[in-house]
């Protein structure tokens, strides 16, 4: 697991992003260095198990509804899941998500961040995505790391912890 002060693992991955025209989506490759280079203060990188499920939709919509707050504070938001790009595009379209969604079907980015592994799910130990969020500054250092977050209320608590409320 990563914690405050650790260097954020670099990555390059396929992502779905809203097209420049604002209509439709493009599939692009994103890297940590590119994302940090486009940000004034840093990156909110969050990992979620599956697009279009109730908890993941709640969390994504909370990030969407707070996007102007994040952007005004100088942060970009990016979600990561094991979903295929086509599913991510549907998710972004259905819920009006204007931030990038990274497709990580091989769990490489998730594993690098400690967001893939054993977890309890309804009392059983399973291997899967560990719902996690990282705040990474423009130097590529982790300012904040949270594992096993709950979807409901997480975004609001994070905003409070970062003094954005």
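Residue numbers (my numbering): 5 to 169. Glycine included, every Cβ here is placed at the ideal spot set by N, Cα and C.
Assigned secondary structure, residue i (DSSP; H/G/I helix, E/B strand, else coil)
| i | result |
| --- | --- |
| residue 93 | helix |
| residue 158 | helix |
| residue 21 | strand |
| residue 37 | helix |
| residue 30 | strand |
| residue 73 | helix |
| residue 138 | strand |
| residue 10 | coil |
C-beta contact flag for residue i and residue j at 8 Å
| i | j | result |
| --- | --- | --- |
| residue 133 | residue 52 | yes |
| residue 42 | residue 80 | yes |
| residue 88 | residue 22 | no |
| residue 55 | residue 92 | yes |
| residue 149 | residue 60 | no |
| residue 73 | residue 161 | no |
| residue 34 | residue 19 | yes |
| residue 113 | residue 17 | yes |
Chain-order list of residues whose beta-carbon lies under 6 Å from that of residue i (same chain, five-residue window excluded)
| i | result |
| --- | --- |
| residue 141 | 46, 147 |
| residue 14 | 36 |
Residue environment, residue i, which counts as buried when at least 16 other CB atoms sit within 10 Å
| i | result |
| --- | --- |
| residue 63 | buried |
| residue 25 | exposed |
Residue i CB to nearest heavy atom of the ligand HEM below 7 Å
| i | result |
| --- | --- |
| residue 161 | Within the structure as shown, the ligand HEM is missing, as the structure has no ligands at all. |
Sequence-distant residues of the same chain with beta carbon closer than 8 Å to residue i, five excluded per side
| i | result |
| --- | --- |
| residue 85 | 51, 52, 53, 54, 55, 60, 92, 105, 106, 107, 108, 133 |
| residue 136 | 50, 51, 117, 118, 119, 149, 150, 151, 152, 153 |
| residue 100 | 68 |
| residue 82 | 19, 34, 39, 47, 48, 49, 50, 103, 104, 105, 106 |
| residue 94 | 55, 56 |
| residue 5 | 118, 149, 151 |
| residue 29 | 20, 21, 22, 23, 93, 96, 97 |
Option nearest residue i by Cα separation, candidates the options
| i | options | result |
| --- | --- | --- |
| residue 27 | 96, 16, 163 | 96 |
| residue 158 | 32, 121, 138 | 138 |
| residue 167 | 121, 77, 145 | 77 |
CB contact below 8 Å: residue i versus chain C
| i | result |
| --- | --- |
| residue 154 | No chain C is part of this structure, which consists of one protein chain only. |
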